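Under our numbering, think of the first position of the sequence shown as 745, with each following residue one higher. Ideal Cβ placement from N, Cα and C applies to all residues, glycine included. Every value quoted in this text rests on a predicted model; they were computed, and no experiment measured them. Here's the structure we're looking at; comments come further down.
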Amino acid sequence: MAKGGKWPIKWSLRATVISIIVAGVLAPAVFLMVMEPKLGSATDPALGAPYRHDILNQAAGSLEKLSSQDALEPWLQKLLAHPDVCAVELDHGLSRPPGPARYATHCASGLSLYWAEIAVTLPSATPATLRVGFEPGLPTALIQERRWAMWRLVGLQLALGTLAMLAVMGVLLLGPLRRLKVQAMALAAPGRNAEEATSLRWTRADEIGEVGQQLTQASGRIADLVGELENSNIELRRLAMYDQLTGLPNRRLFKELYDHAQAVARRSRGTMALMFIDLDRFKQINDAHGHAAGDVLLLCISQRLRDTARESDIIGRLSGDEFVALLPQAQNFEAIAHTALRLIHAIEEPVVIDAAGTKVRISATIGVARFPRDGEDFDDLLRHADQAMYRAKTLGRGRYALYRDGDVQAMPAPVTEEADVEIQHALTRQELMMFYHPVVDTRSGQSVGTEALMRWRHPHRGVLTPSQFIRRAEEAGVLHQVAARAIELACAQVAAWKGQGRFPGSIAVNVSDAQFRHEEWLDMLRVALKQHRVEPGELEVELTEATLMSDPENTDQRVRALRDMGVGLVIDDFGSGMFSLTRLMSLQPHRIKLDPSFVQTMETSEASRKMVATMVRMARGMGWEVIAEGVEATSQRDMLGRLGCPLQQGYLFGEPQAALKEPPWPLPTWSLGGGLPAAPKVAANAAMLAPGYIEPGSSTNPSRRRPKAH
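Okay, structure coming up:
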């Protein structure tokens, strides 16, 4: 046996077994044949007596037939040539003692011969005695005869034994081993012979049967494990390629599908459109109603996208509230626009988000990039569609826009040295400006205040919102100057409108947490109020719940300082956070502004409706004014009126406008039943956009959501 327990000869088991059988049968026979001469020579000489007597009789007979004395010598030589005769002695009685014996040359000298004698008559008629000496063992002829008989016996034994052993081994060993081999091969390659391997049944109780039963059980277990592994691989691929919530292709699979569609489009010289779909104000709905409701909303929206898109279109989900759509057969602008509008309208339909039947509405903004015009690589085309979507959002949600080369300017970009210079130039060149959005008392239709919203009139990128440049200002170290500019412009506008005798009510300025906590912000505010002679109650500061809840001691000091200066406190997006009533009473705000998500859902959600009514009653009981934000439909306006909230703000009453020579308010008086006239487009918006601006498509659905533009 070779080292390590390996058989040194690379034979099959069948060949090895046959060889062992043949060797086992043949070895004893060969041994007997080899040992037979030695055994024959050691045999009792008497065993060869009959044979020797035959030789002696034949020699005597031939002697008596000799015709002359001269023939005696040749006869003698012939007899000595016999292989079994070693010596001959002829005693004719004529001389005493008899003549010496004649010895054959083929016999070894010194042997103790076996002598036999017989009376004969010589040719001369003289009586004599013939004595013949034989080898002590068996005669050669007899040995040869016995040897051939043994060979025949060995051959017969070998043939019959081999056949018998092969038959027995085939039934008892080789056949079962072949079955074991099939099972072993099935274990090595389960996909090919798994069924055959697991279907084998072993009834024999010996060791091979036990091994076979173990292999059958192992084959079954392995088949189960392979099945589980295949199912796991399918599930892993699904998790790797599909969004877990909606079942839509994720970014990885969507990119693969895009690459395939791109190859087809290249060959056919076709065009495609990639849409970047962003849900508007999803975070507010998710925060207001919980993540479970948000998941239900996403599931419903994803199904609507599937149902609305054509069979050839591919819908995917990137992350959160961002979806993508690939239109492989987008041949012209009209087809793209039609698909975008259908998707927007489908998304804007109310969605039931809980078992209580709560309904919410949500809108979507879509950016479109076209292959190969706007790019060929997936990442490039997706980025361009994203940029187009951002441009559409700056003009109001519920719209779509096609990508154009300048859209990259509208995207929030990382702060660079060039960006630092741009934001500083915006301050020195007075590119920062304020837009104003009215707060209306629906009982009279008159403006009772405005919200001042800062915008950056960029010379190349159009009008940018704070979300697109506040981070730049903060990282460039000019946030305080931007905040000072906002306060300066608002106070100056208060003075300008007062000088015209058409002051539309207090102006509220949005202030970020970083601005509010800047060490020089309060001093800057005092200077601006004094410089423009702003009286108490004419300027308000809007702060979010998050700002007011953090660092309570410092916040309280600053709120008291605002109150001492006659600047009112407005809590923005009230109800969206975790504001405690104790904290609220300690701050004593002048106004609270309800989070727009409540206004959007109160018509379909009893919980939202009760929440609005509760917050209105609480605020009125504390002597605080309540403003409902995000009012976009007359039905919302009327319900809020019935719930005791007449102060409202939203696109139903007009869009944010740049300050003109005189305020565009008060609005025409109207009654509760008559409704407001349609709010006109404000020309100042378009006038301040970059040259060459192309108005993106917008949804014609009047219920579309629009941004609260901070």
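By Cβ distance, which residues of its chain are closer than 6 Å to residue i, with the 5 residues on each side in sequence left out?
{"i": "D1357", "result": "In the sequence as displayed, the identity of residue 1357 is Ala instead of Asp. Here the set comprises L1387."}
{"i": "L1041", "result": "V1095, I1097"}
{"i": "I978", "result": "none"}
{"i": "Q1225", "result": "L1171"}
{"i": "L1266", "result": "A1305"}
{"i": "S1046", "result": "T990, L992"}
{"i": "M1293", "result": "none"}
Residues in its own chain within less than 8 Å of residue i by CB, not counting five upstream and five downstream?
{"i": "I764", "result": "none"}
{"i": "R1086", "result": "T1052"}
{"i": "S856", "result": "P880"}
{"i": "A1258", "result": "E1218, L1223"}
{"i": "A815", "result": "P867"}
{"i": "L820", "result": "V832, L834, R846"}
Please classify residue i: is it buried, with 16 or more other beta-carbons within 10 angstroms of its beta-carbon, or exposed?
{"i": "V1314", "result": "buried"}
{"i": "F775", "result": "exposed"}
{"i": "R1143", "result": "buried"}
{"i": "A1100", "result": "exposed"}
{"i": "T760", "result": "exposed"}
{"i": "N1254", "result": "buried"}
{"i": "I1058", "result": "buried"}
{"i": "E1263", "result": "exposed"}
{"i": "L992", "result": "buried"}
{"i": "W1368", "result": "buried"}
{"i": "T1326", "result": "exposed"}
{"i": "Q1212", "result": "buried"}
{"i": "V912", "result": "exposed"}
{"i": "D850", "result": "The sequence shown places His at residue 850, not Asp. Burial call: exposed."}
{"i": "L807", "result": "buried"}
{"i": "H797", "result": "exposed"}
{"i": "F1318", "result": "buried"}
{"i": "L969", "result": "exposed"}
Which residue marks the beginning of the alpha helix (DSSP H) containing residue i, and which one marks its end?
{"i": "P1340", "result": "1340-1345"}
{"i": "P1280", "result": "Looking at the DSSP string, P1280 is not in any alpha helix (DSSP H), and its letter there is neither H nor E."}
{"i": "D1470", "result": "Nothing in the structure corresponds to residue 1470, since the chain is present only between 745 and 1454."}
{"i": "F1247", "result": "Note, F1247: premise wrong, no alpha helix (DSSP H); not H, not E."}
{"i": "Y858", "result": "Not the alpha helix (DSSP H): Y858 falls in the beta strand (DSSP E), residues 858-865."}
{"i": "R995", "result": "995-1012"}
{"i": "H1456", "result": "As displayed, the chain neither begins before 745 nor continues past 1454, which places residue 1456 out of reach and without an answer."}
{"i": "G1038", "result": "1035-1052"}
{"i": "L1292", "result": "1289-1293"}
{"i": "G805", "result": "793-808"}
{"i": "E1066", "result": "Not the alpha helix (DSSP H): E1066 falls in the beta strand (DSSP E), residues 1066-1071."}
{"i": "E1264", "result": "Element bounds for E1264: n/a, residue is neither H nor E."}
{"i": "D1300", "result": "1296-1308"}
{"i": "R1327", "result": "1325-1331"}
Just tell me which of the options has its CA closest to the CA of residue i.
{"i": "L810", "options": "L866, H797, H826, M1133", "result": "L866"}
{"i": "V1192", "options": "V1095, M1198, V1184", "result": "V1184"}
{"i": "A740", "options": "Q802, S1056, R1061", "result": "Nothing in the structure corresponds to residue 740, since the chain is present only between 745 and 1454."}
{"i": "D1031", "options": "E817, L1001, P1340", "result": "P1340"}
{"i": "L1208", "options": "E1166, G1221, L1023", "result": "E1166"}
{"i": "V1112", "options": "E1120, A1084, H1089, K1103", "result": "A1084"}
{"i": "E1092", "options": "V1311, L1126, R1117, D1022", "result": "D1022"}
{"i": "T873", "options": "S1379, A804, L1325, Q961", "result": "A804"}
{"i": "L921", "options": "L992, L959, L1171", "result": "L959"}
{"i": "L1338", "options": "V1238, H1082, R1361, E1373", "result": "E1373"}
{"i": "A1017", "options": "P1210, D1024, Q1006", "result": "Q1006"}
{"i": "H1334", "options": "V1343, A1290, E1282", "result": "E1282"}
{"i": "I1080", "options": "Y1147, H1181, T1326, W892", "result": "Y1147"}
{"i": "V898", "options": "R1361, A771, V1278, H1276", "result": "A771"}
{"i": "T1299", "options": "A1196, F1260, D1316", "result": "F1260"}
{"i": "G1038", "options": "I1251, G1064, F1179", "result": "G1064"}
{"i": "W859", "options": "A848, F878, A1230", "result": "F878"}
Apart from the five residues on each side of it in sequence, which residues of its chain come closer than 7 Å, Cβ to Cβ, to residue i?
{"i": "R1381", "result": "T1186, V1375, Q1392, L1396"}
{"i": "K999", "result": "F1122"}
{"i": "R1061", "result": "D987, T990, L992, N994, S1046, F1067"}
If we cut at 8 Å on Cβ distances, does residue i have a partner in chain B?
{"i": "H1089", "result": "Judged by its chain identifiers, the structure shown contains no chain B, having just a single protein chain."}
Looking at the secondary structure, which residues open and close the beta strand (DSSP E) in which residue i lies?
{"i": "G1312", "result": "1312-1318"}
{"i": "D1022", "result": "1016-1024"}
{"i": "T873", "result": "871-878"}
{"i": "L1146", "result": "1144-1146"}
For this session: Quick one: which unbroken beta strand (DSSP E) runs of 3-plus residues sit fully inside the segment 1077-1126? Chain order, please.
Result: 1107-1115
Problem set entry | Continuous beta strand (DSSP E) assignments of at least 3 residues falling wholly in the segment 1361-1412 | 1369-1372
For this session: Tell me the start and end of each unbroken beta strand (DSSP E) in the segment 1218-1262 that is at least 3 residues and wholly inside, in chain order.
Result: 1250-1254
For this session: Could I get the ranges of all uninterrupted beta strand (DSSP E) runs contained in the segment 813-840, with 3 residues as the minimum, in chain order?
Result: 829-835
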